[in-house]
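Taking the numbering used here, the leading residue of the sequence shown gets 1, the next gets one more, and so forth.
Positions of the beta carbon are idealized from the N, C-alpha and C atoms, including for glycine.
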Amino acid sequence: MSDIERVLISEEEISSLVSGIAQRINTDYADKNPLIICILKGSVIFFSDLVRKLTIPLEFEFMSASSYGNSTQSSGIVKLIRDVKVSVKDRHVLIVEDIVDSGITLSYLLDYMQCEGCASVEVVSLLNKTARRVKEVDIKYYGTDIDDLFVVGYGMDYAERYRNLPYIGILKESVYS
Ligand code: IMP
Ligand code: MG
């Protein structure tokens with residue numbers, strides 16, 4: 001696509017990162033019937049690839065939280081837009097994110113989950129962008145670290161676009177201006 005400066009992580013690389021995460025979850029959650037929660041919308045592609053590589057009994061749900069608006073920086077204010085439709089009490093919960101940047105969204109969701117009395121909560125994120133971390137969050141399962149770059153594709157957007165790219169890429173400067 002002409003708006004893309006370069007590919008950061010190819011389809012093949014993504015697939016092997018997802019397989020690596022899935023293997024660990026298959027082992028760690030073999031008899032826990034985890035409730036796997038997809039955080040919309042950015043995680044949906046990663047989530048759907050991940051769950052198809054899981055071979056254990058599981059259930060899934062969707063939640064939506066937003067802190068971004070249409071810019072490339074977190075607003076710092078998180079809104080819960082869609083809650084889970086089942087009780088998370090006594091469940092082993094896995095929260096699936098596309099990318100953790102400031103950590104604000106995730107720490108909000110984690111606080112919320114703890115309040116609701118889960119048996120355990122862990123975080124799964126494809127990407128871990130630590131350069132601008134504001135809130136310390138423990139990400140048990142993640143694919144890879146990335147530098148302080150704004151990425152799109154494989155579910156991730158800029159102003160709601162580019163989510164459908166099958167790879168993870170960097171936009172041309174001209175797209176932002
Ligand atoms: P945080 O609250 O700053 O950690 O942001 C978390 C959310 O912001 C992620 O789930 C993404 O939806 C979005 N986000 C953070 N970094 C990027 C990026 O580089 N590209 C696209 N979306 C991003
Ligand atoms: Mg997101």
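Nearest-angstrom Cβ-Cβ length linking residue i and residue j, presumed shorter than 8 Å
i: F62; j: L94; result: Going by Cβ atoms, the distance from F62 to L94 rounds to 13 Å, so no, they are not a contact pair.
i: L50; j: A22; result: 6 Å
i: K79; j: V100; result: Contact doesn't hold; Cβ gap of about 18 Å is too wide.
i: E116; j: V88; result: 5 Å
i: I168; j: I9; result: 4 Å
i: S107; j: K135; result: 4 Å
i: S67; j: R82; result: Wrong, their Cβ atoms sit about 14 Å apart, outside the cutoff.
heavy atom of the ligand IMP below 6 Å from residue i C-beta
i: F47; result: no
i: E13; result: no
i: M156; result: yes
i: V100; result: yes
i: V44; result: no
i: G153; result: no
i: E61; result: no
i: E160; result: no
i: S16; result: no
i: I104; result: yes
Own chain, CB closer than 8 Å to residue i, minus 5 neighbours either side, in chain order
i: L171; result: D3, I4, E5, F150, V152, Y158 and Y162
Simplified DSSP assignment, three categories, for residue i
i: C38; result: strand
i: D98; result: strand
i: I77; result: coil
i: V232; result: Absent from the model: residue 232. The displayed extent of the chain is 1 to 177, so no value can be given.
i: S182; result: There is no way to answer for residue 182, as the model of the chain reaches only from 1 to 177.
Sequence-distant residues of the same chain with beta carbon closer than 6 Å to residue i, five excluded per side
i: V124; result: L94, V96 and Y141
i: D90; result: A119
Same chain only: Cβ atoms within 7 Å of residue i, ignoring 5 sequence neighbours per side
i: D145; result: N128 and T130
i: S19; result: K53
i: M1; result: L165
i: S43; result: V96, E97, D98 and G155
i: I29; result: Looking at the sequence itself, residue 29 is Tyr, so the reference to Ile does not match. These residues qualify, in order along the chain: I56 and H92.
i: R24; result: Y141
Any alpha helix (DSSP H) of 4 or more consecutive residues that is wholly inside the segment 140-173: none
Sequence ranges, alpha helix (DSSP H) only - wholly within the segment 8-68, length at least 4: 11-28 and 44-52
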